Amino acid sequence: MESMGRVTPSTLSTKDLPWQILWNKEKCTLCGGCTAVCPVRAIDLGVHRKRSLQVPVGLETKPGNLFSIYHGIDQRTDPAHACVGCGMCTMVCPNGAIAPLHSEGIDKLRFHVNQGGEPRRRGGRRNNPDSVLDKIKFIRISMLTDPALDAGRHEFELRTLLGRVLPPEEMLKVSRENGWMPPVREIYPLVIGSMSFGALSPNMWEGLQMGVAYLNEELGMPVRVCTGEGGCPPRLLKSRFLKYVILQIASGYFGWDEIIHSLPQMKEDPCAIEIKYGQGAKPGDGGLLMWYKVNKLIAAIRGVPQGISLPSPPTHQTKYSIEEAVAKMIQSMSMAWGFRVPVYPKISATSTAMAVLNNLTRNPYAAGLAIDGEDGGTGAAYNVSMDHMGHPIASNLRDAYLTLVKLGKQNEIPLFAGGGIGKNGNLAANAAALIMLGASGVQTGKYIMQAAAGCLGSEGDRCNVCNVGVCPKGITSQDPRLDRRLDPEQVAQRVVDLYLSFDTELKKIVAPLGRSTSLPIGMSDALGINDADAAERLNIKYVL
Amino acid sequence: MCRLFAVTSNDPLSPMMALNALNVMKEGHDGSGVGLFLTDLGGEFEKFKNEPILSGIFSNDGIKALDRFMIDLDFMVKYKLSFRPTKPTPSGTPKRDNYVIRVYEYPAEWEGLSQEEIQFRLMMVQLQLREMGEKDKSMLIFSFWPDVIMIKEVGDPLTVAEYLGLDRKELSARTILSQGRQNTNYSIDIYACHPFFIQGMSTMTNGENTAFVPIREFLMSRNFPGYAGYQSDSEVFTHILHYMQNKLGMGMEMYKHIITPLKDDELVRHPDGKMLRNLKQSCRPLIIDGPNCVIGCLPDKTMFMVQDSKKLRPGVVGGRPGIFAFSSEMCGLDAAIPERDINLDDQPMRYETVIIRRARQEIEKWNQWDALPHLH
């Protein structure tokens, strides 16, 4: 133990941390709940010595000291135990005696989170609340010449297509000749983005799957969920619910041994196969599941040993060119399911996205393209990747759509946009903006975690400990003691809630634009923004 | 809102008949413009059934440029009907030098060309002239096609008709589309005036097409030079029709299936659901959302009326064997053909297409729920 009073370069005061714990001695019952629940052990039970000066009246008795002790909490200040602001202490405190408060200034912790030469890794998001999508307004409101529709009473058909859609001439030719018609799925335009079994706790995964099944089977909403790179539980693979699932294959191929072996027992085809080439949150970097989370179950499903970190390579190692990587993989995956399942790549938003897209237009098996912008979330990544790498989704998606328009293939290759949709809570507005910029649909993960499971992450670097498996809500943990905090039934209920409310909000956006019979993909005349440069870049109206 | 009136009759009619019907509906339009599409022509033009007719408005310089251009292409004028109004222009109508309707003789070198090639070249001549005129505003070209005359102008329909003398005996047709209103939702542009024309077919529309931009993008990316213009959101209805007939080789029964396809759960119950689902997916960017009533005429002089899938605009068809009319308002139809059996009038609903063939004997109805004829 170091001697008291020693100051090292990384010695910090609570003031230097991003979050300070405010504790009220008067209200505290000393139950210890806060220290028990803290995911990073930022607070210890503390025994404090207190001196009171006793100054009696008169001269007879001399002033003296009265020493007492009181019990309370201490906030730790070493980088490994800095408060992450999750607020679980507040949640469990019976008396409201404790709360984390965000520091006003810029913290000093950020200069010291690289102890041992290891840069900061975390889960979460870019931690930047700016959003071009939030600034986009829907300005083409139908008035007297074309009365606005009634969002509550009209019939709406707000579905989209996932799959390679043949141009009309070719479709007719293929029909006449009884040729191969690429598989196309009619799905709901809001897809639950790829979050792997492993990144998410079993309870979270189960809740999502139950919610999706309910939406499909009871409410008739063809909602789809993508597995992420982590395989898929065998029971799900062999169940009829597989048709609601998009299986993801990524550069680590985790879980694919199990998937391939389950093929003969599959009752249903999966909705689609997503080949992940990139992720918006950490573009150019592979997936990462840190060792803390690789327990027995995860190891079994992924086909790996327990307790080791699982970094996927940044790219598919067996391929060396875009033609190889995209064409061969798409074809192989298509072949595995007898060309009955759409196969599409997912890439990070990047200035090179158009090269990928142009390639896909020449590949008759490519069923679409998912583009994930820099505001996407992740369960684990280097902080620098999350904060500084990547391309915003809006202009990348718009460029991709206009490229397709130029080629006349805007209906043939559906674009799915992800990354930052609903980052500030405006899920339907952000989704509608992207659809009108040209997306056939959107993918979202973080919003689902926040709304369906109560994820505490925010754009202000709150919590973000998904990577080490200590999620205080049990969403991204792999520890049964934490997982049980999350009830899968309640997650399912919230998934249904959020989809229903999204659906109503989407109608409330498209109905005033006079649209109800088809999703307004590329209806860019409906969009405006009060930023001239953004308007010019996105080719939409500048409004003040 | 636009007012639409179309008539098809075994006996040639003066365009005034249609314009009078429009006038009855005047309460509902602002009298800001008129557009006429005449085909199956009578009068003097009956003699020139196969020769292309150029319709447009020209400045004096424009006429000279036109002559030079057409002579270079070896087109010879065979017959012409020009209006050079001398009366003061009606309120709102610009002063024009020449309203031109000219019948041309085909160039000698076009002889032996396939019908398709001739039709393509006619369209290209029209587009070239339009482009020439756009530079200095010297020409406005509405059509260049055999047995078709188009007249468009800004101003009150009846006043403009009187100003231009549209009641002249040379001018008559068995099939007429007329529309009474300029595109006053936006700035005045005569190219935004209905009816729209491409390669022998024409449509006019009531209402605002809210899905205009994606449809325009789809059509413009088909690499067909005729899919251009789009000063009005309604022009796409004509081009979708053209695309369906000329590019996809489909009949009129498929128009509704393209612009207002059945819902996904309805397709499950349709006898041709599988094919229609594929069509819906492939033609997804052509789906309209209304509110629109579309009235049109095909190259074989079949007239039709369809509604958007919410049926948000009025539209009625009625008449008797020999003469039928399509009107956006009942009063227009009453004024035009009062002596019909009103019990046989038809107001097409969300699934229906109403057709009057050239024989003009009956109102044919096509319902989207019907099995498709050509597949069996």
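In the order they appear, the protein sequences are chains C and R.
Mind the numbering: the first sequence is residues 733 to 1276 in my numbering, read in order.
Mind the numbering: the second sequence is residues 235 to 610 in my numbering, read in order.
Positions of the beta carbon are idealized from the N, C-alpha and C atoms, including for glycine.
Just so it is clear, the structure is predicted and the values come from calculations on it, not from any experiment.
For C/P996, no Cβ of chain R is located within less than 9 Å of the residue's own Cβ. Contact annotation, C/L1159 with C/A1132: C-beta distance approximately 22 Å; criterion of less than 8 Å not satisfied.
In the DSSP annotation of this structure, C/I1253 is not part of any beta strand (DSSP E), being labelled neither H nor E. Proximity of R/G441 to chain C, defined by a Cβ-Cβ separation below 9 Å, is satisfied.
Secondary structure at C/N948: helix, using DSSP grouped into helix, strand and coil.
Residue state for C/Q1142 is assigned as coil, using DSSP reduced to three classes. R/V334 and R/A407 have their C-alpha atoms roughly 17 Å apart.
When C-beta atoms of the stretch 984 to 1003 of chain C are compared with those of the stretch 1032 to 1046 of chain C, three or more pairs fall below 8 Å, so the two segments count as touching. Rounded to the nearest whole angstrom, the C-alpha separation of C/E1221 and C/M936 is 10 Å. Close CB contacts of R/V540 within its chain, under the 7 Å cut and outside five residues either way in sequence, are with Y489, K490, V528, P582 and T587 (chain order). With respect to the 9 Å criterion, C/L744 and C/K867 are not classified as neighbours on the basis of their beta carbons. Taking the C-beta atoms as reference points, R/M304 is found nearer than 9 Å to R/Y338.
In this structure, DSSP gives C/I1103 an extended state, which the three-state scheme calls strand.
Counting only runs of at least 3 residues, the stretch 882 to 959 of chain C fully encloses the following beta strand (DSSP E) elements, listed from N- to C-terminal order: 892 to 895, 916 to 919 and 922 to 924. In the DSSP assignment, R/A559 falls within the beta strand (DSSP E) that extends over I557 to S561. Put simply, the CB of C/N1143 is near chain R, with a gap under 9 Å to one of its CB atoms. Neighbours of C/D862 in chain R, taken as residues whose beta carbon is under 9 Å from its own, are absent, since the nearest beta carbon is some 28 Å off. Under the three-state reduction of DSSP, C/Y1052 is assigned to coil, being neither helix nor strand. DSSP places C/S1117 in the helix class (H, G or I) of the three-state scheme.
Annotation for C/R852: V845 and N1115 place their beta carbon closer than 6 Å to its own, counting only its chain and skipping 5 residues before and after. With contact defined as three or more Cβ pairs closer than 8 Å, the stretch 268 to 276 of chain R and the stretch 569 to 584 of chain R are not in contact. Under the 10 Å beta carbon count, C/W755 is surrounded by 16 or more other beta carbons and is classified as buried. Annotation note: the stretch 421 to 454 of chain R contains the following uninterrupted alpha helix (DSSP H) runs of length 4 or greater, listed N- to C-terminal: 446 to 454.
Against chain C, the CB of R/R518 has a partner CB under 9 Å away; the residue lies at that interface.
Bounds of the beta strand (DSSP E) holding R/C527 are C527 to C531. Following the DSSP letters along the chain, one finds C/D1235 inside the alpha helix (DSSP H) bounded by residues P1220 to V1242.
Residue-level contact by beta carbon holds for R/S543 and chain C, with a gap shorter than 9 Å.
Neighbourhood of C/H886 in chain R, by CB distance below 8 Å: K544, in chain order. Of the residues R/S543, R/K544, R/D542 and R/G566, the one whose Cα lies closest to the Cα of R/V551 is R/G566. Each residue's CA atom was taken as its position, placing R/P448 and R/N332 some 37 Å apart. When C-alpha distances from C/M953 are compared across R/R456, R/N440 and R/D498, the shortest belongs to R/D498.
In the structure shown, R/S516 adopts helical secondary structure according to DSSP, grouped into three states.
R/M384 is the residue among R/M384, R/P328 and R/A252 whose C-alpha sits nearest the C-alpha of R/R336. It is roughly 12 Å from the alpha-carbon of C/M1168 to the alpha-carbon of C/P921. The C-beta distance from C/V977 to C/Y1231 rounds to 16 Å, too long to fall under 8 Å, and the pair is not in contact.
Taking 9 Å as the threshold, the shortest C-beta distance from R/K481 to chain C falls below it.
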